[in-house]
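Enquirer: Residue numbers (the working numbering), protein chains in the order written: chain A, 4 to 209; chain B, -7 to 133. C-beta atoms are modelled at their ideal positions from N, C-alpha and C, and glycine is treated no differently. Because the structure is a prediction, the values reported are computed rather than measured.
Quick look at the structure:
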């Protein structure tokens, strides 16, 4: 009887100890760490960094390997301006960030040159200051009317189809991009890329 | 009582998941012999997946590659791959951040992974393929 009682007490201690281990081993501690910026990110189903990187790298690869662009860039570096990517999805997406990545990769390839339409006002302000303010030595002022006009316009659309039911949500993104010759109005290159993301409630798990 | 203690032990072991496996298989263009370019760091994945071909050509003065990936497993595999590019001296191309890209490979399927050099300086490449690691890459709801 006494032995049995002792055994019961011992197993109670063991149980308490194990519970403590379970609770302390998996405690929610706030830990800050650096992650890989290039890693696949699946925090939720919304448009994320992986989608941005995938879209940018696929579009750049497609553009740089297209035969038309090969002819276009054979002996010169065409000047391009980025119009914008229209966000037709239901989410807020910073599409300028996508065009920034694409134009950076295109510039880095050494095949294209860009003019930046988002900084026109700043340039005008600076040139006005240089040419009209008495502080500046006129010999060193950058003259008006010397900038080079863009020959091509890069633009596109990002659209999505979202569907969900009680257990599953599915989102499909379609990203279309085009390069237009501004003199003739012809679309010289176009491509699209698709992304499908699905989120299911897991039956097991914590 | 005798069931509760083992149950707790199992809970303890399963709840605190270990760090994810991030090794995989790779092809590195450091020699001209195809067999010597292959590297298997994860034998589990190496048994289920193989790199069977590498093709290279020049497109618009840029190195263009396709790597053929063949599944040797009956179920779908959820993978990620990443290209890295090097110049003629073996230096990594600066400022080029190729992302890991997600890939679903169905049972016994074959697929070609395309890669294009970011600039004409990039002449050799390496490709790493790994399984989707279990931690932080699954939806938690």
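For residue 74 of chain B, would you say it is in contact with chain A, using Cβ-to-Cβ distances shorter than 8 Å as the test?
Expert: Along the second chain, read from residue 1 onward, the residue named residue 74 of chain B stands at position 82. True, the Cβ-Cβ gap to chain A drops below 8 Å.
Enquirer: For my contact list, residue 68 of chain A and residue 52 of chain B are in at a C-beta cut-off of 8 Å; report their separation, rounded to the angstrom.
Expert: As a working note, residue 68 of chain A is residue 65 in the first chain. As a working note, residue 52 of chain B is residue 60 in the second chain. That belief holds up - the Cβ atoms of residue 68 of chain A and residue 52 of chain B are roughly 6 Å apart, short of 8 Å.
Enquirer: Between which two residues does the beta strand (DSSP E) holding residue 191 of chain A run?
Expert: Residue numbering aside, residue 191 of chain A sits at position 188 when the first chain is read from its first letter. Residues 190 to 203.
Enquirer: Along chain A, which residues have their Cβ under 7 Å away from the Cβ of residue 87 of chain B?
Expert: Numbered from its first residue, the second chain carries residue 87 of chain B at position 95. Result: 111.
Enquirer: Using beta-carbon positions only, say whether residue 123 of chain B and residue 71 of chain B come within less than 8 Å of one another.
Expert: By one-based count along the second chain, residue 123 of chain B stands at place 131. By one-based count along the second chain, residue 71 of chain B stands at place 79. Yes; because the gap between Cβ atoms is below 8 Å, this pair is in contact.
Enquirer: For residue 16 of chain B, which residues of its own chain have a beta-carbon under 7 Å away from its beta-carbon, when the five flanking residues on both sides are left out?
Expert: If you number the second chain from 1, residue 16 of chain B lands on position 24. Only 33, 34, 37, 120, 121, 122 and 123 meet the Cβ criterion.
Enquirer: Identify the continuous alpha helix (DSSP H) that holds residue 92 of chain A and give its terminal residues.
Expert: If you number the first chain from 1, residue 92 of chain A lands on position 89. No alpha helix (DSSP H) contains residue 92 of chain A, which DSSP labels as neither H nor E.
Enquirer: Can you tell me whether residue 57 of chain A is buried or exposed, with buried defined as 16 or more other CB within 10 angstroms of its CB?
Expert: Stepping through the first chain from its first residue, residue 57 of chain A is reached at position 54. With 16 or more other Cβ atoms within 10 Å, it is buried.
Enquirer: With a threshold of 8 Å between beta carbons, is residue 60 of chain A in contact with chain B?
Expert: By 1-based counting over the first chain, the position of residue 60 of chain A is 57. Yes, because at least one Cβ of chain B sits closer than 8 Å to the Cβ of residue 60 of chain A.
Enquirer: To the nearest angstrom, how far is the alpha carbon of residue 46 of chain A from that of residue 93 of chain A?
Expert: Position 43 of the first chain, counted from the first residue, corresponds to residue 46 of chain A. Position 90 of the first chain, counted from the first residue, corresponds to residue 93 of chain A. Those two C-alpha atoms are separated by around 18 Å.
Enquirer: In chain A, what lies closer than 7 Å to residue 42 of chain B by C-beta?
Expert: In the second chain, the residue the question calls residue 42 of chain B occupies position 50. Residues of chain A passing the Cβ test: none, with the nearest at roughly 22 Å.
Enquirer: Listing by chain order, which chain B residues have their CB less than 9 Å from the CB of residue 193 of chain A?
Expert: For this step, residue 193 of chain A is matched to residue 190 along the first chain. Here the premise fails: no neighbours, minimum Cβ distance about 17 Å.
Enquirer: Suppose contacts are defined by Cβ-Cβ distances below 8 Å. Is residue 159 of chain A in contact with residue 181 of chain A by that definition?
Expert: Taking the first chain and counting its residues from 1, the one referred to as residue 159 of chain A is at position 156. Taking the first chain and counting its residues from 1, the one referred to as residue 181 of chain A is at position 178. Yes, the pair counts as a contact, with Cβ atoms nearer than the cut-off.
Enquirer: Along the segment 46 to 74 of chain B, what residues have a CB closer than 9 Å to any CB found in chain A?
Expert: Those would be 51, 52, 53, 54, 56, 72 and 74, in chain order.
Enquirer: Just to confirm the assignment, what range does the alpha helix (DSSP H) spanning residue 59 of chain A have?
Expert: For the purposes of this step, residue 59 of chain A is identified with residue 56 of the first chain, where counting begins at 1. Per DSSP, residue 59 of chain A belongs to the alpha helix (DSSP H) from 52 to 68.
Enquirer: Quick check: what's the CA-CA separation for residue 88 of chain A versus residue 97 of chain A?
Expert: Your numbering for residue 88 of chain A matches position 85 in the first chain. Your numbering for residue 97 of chain A matches position 94 in the first chain. Using only the alpha carbons, I get a separation of about 9 Å.
Enquirer: Strictly below 7 Å CB to CB, what residues from chain B border residue 57 of chain A?
Expert: Indexing the first chain from 1 puts residue 57 of chain A at position 54. Those within 7 Å of residue 57 of chain A in chain B are 91 and 93.
Enquirer: At what residues does the beta strand (DSSP E) containing residue 45 of chain B begin and finish?
Expert: For the purposes of this step, residue 45 of chain B is identified with residue 53 of the second chain, where counting begins at 1. 41 to 51 is the span of the beta strand (DSSP E), which, as asked, contains residue 45 of chain B.
Enquirer: Just curious, the beta strand (DSSP E) that residue 104 of chain B is in, first and last residue?
Expert: To locate residue 104 of chain B, count along the second chain from 1; it is residue 112. Where residue 104 of chain B is concerned, the enclosing beta strand (DSSP E) stretches over 102 to 108.
Enquirer: Measuring only the C-alpha atoms, how far is residue 29 of chain B from residue 108 of chain B?
Expert: Position 37 of the second chain, counted from the start, is the residue given in the question as residue 29 of chain B. Position 116 of the second chain, counted from the start, is the residue given in the question as residue 108 of chain B. One C-alpha to the other measures close to 19 Å.
Enquirer: Label residue 155 of chain A either buried or exposed according to how many other C-beta atoms from any shown protein chain fall within 10 Å of its C-beta, with 16 as the threshold for buried.
Expert: Working through the first chain from its first residue, we reach residue 155 of chain A at position 152. Residue 155 of chain A comes out buried.
Enquirer: Please tell me whether residue 26 of chain B and residue 78 of chain B are closer than 8 Å, where the distance is taken between their beta carbons.
Expert: Your numbering for residue 26 of chain B matches position 34 in the second chain. Your numbering for residue 78 of chain B matches position 86 in the second chain. No. Outside cutoff.
Enquirer: Could you spell out where the alpha helix (DSSP H) holding residue 109 of chain A opens and where it closes?
Expert: Indexing the first chain from 1 puts residue 109 of chain A at position 106. It spans 98 to 111 - the alpha helix (DSSP H) in which residue 109 of chain A sits, taken as one unbroken run.
Enquirer: Does the Cβ-Cβ distance between residue 117 of chain A and residue 84 of chain A come in under 8 Å?
Expert: In the first chain, the residue the question calls residue 117 of chain A occupies position 114. In the first chain, the residue the question calls residue 84 of chain A occupies position 81. A contact, by the Cβ cut-off of 8 Å.
Enquirer: Going straight from the alpha carbon of residue 69 of chain B to that of residue 111 of chain B, what length do you get?
Expert: In the second chain, residue 69 of chain B corresponds to position 77, counting from 1. In the second chain, residue 111 of chain B corresponds to position 119, counting from 1. Each residue's alpha carbon lies about 32 Å from the other.
Enquirer: Does the beta carbon of residue 92 of chain A come closer than 8 Å to any beta carbon on chain B?
Expert: Translated into positions along the first chain, residue 92 of chain A becomes position 89. Cβ-Cβ to chain B under 8 Å: no for residue 92 of chain A.
Enquirer: At what residues does the beta strand (DSSP E) containing residue 35 of chain A begin and finish?
Expert: Locating residue 35 of chain A in the first chain gives position 32, counting from the first residue. Here residue 35 of chain A belongs to no beta strand (DSSP E), and DSSP marks it neither H nor E.
Enquirer: On the criterion of 16 or more Cβ atoms from any shown chain inside 10 Å, does residue 104 of chain B qualify as buried, or is it exposed?
Expert: Residue mapping note: residue 104 of chain B aligns to position 112 of the second chain, counting from 1. Residue 104 of chain B is exposed by the Cβ-count criterion.
Enquirer: Could you list which residues in chain B have their beta carbon closer than 7 Å to that of residue 67 of chain A, in chain order?
Expert: Taking the first residue of the first chain as 1, we reach residue 67 of chain A at position 64. Within chain B, the residues near residue 67 of chain A are 52, 54 and 108.
Enquirer: Note down the Cα distance separating residue 93 of chain B from residue 150 of chain A, rounded to an integer number of angstroms.
Expert: Start at 1 with the first residue of the second chain, and residue 93 of chain B comes out as number 101. Start at 1 with the first residue of the first chain, and residue 150 of chain A comes out as number 147. If you take the alpha carbons of residue 93 of chain B and residue 150 of chain A, they lie about 39 Å apart.
Enquirer: If I measure Cβ to Cβ from residue 202 of chain A and keep anything under 6 Å in the same chain, skipping five residues before and after, which residues do I get?
Expert: As a position in the first chain, residue 202 of chain A is number 199, starting the count at 1. Result list for residue 202 of chain A: 48 and 172, in chain order.
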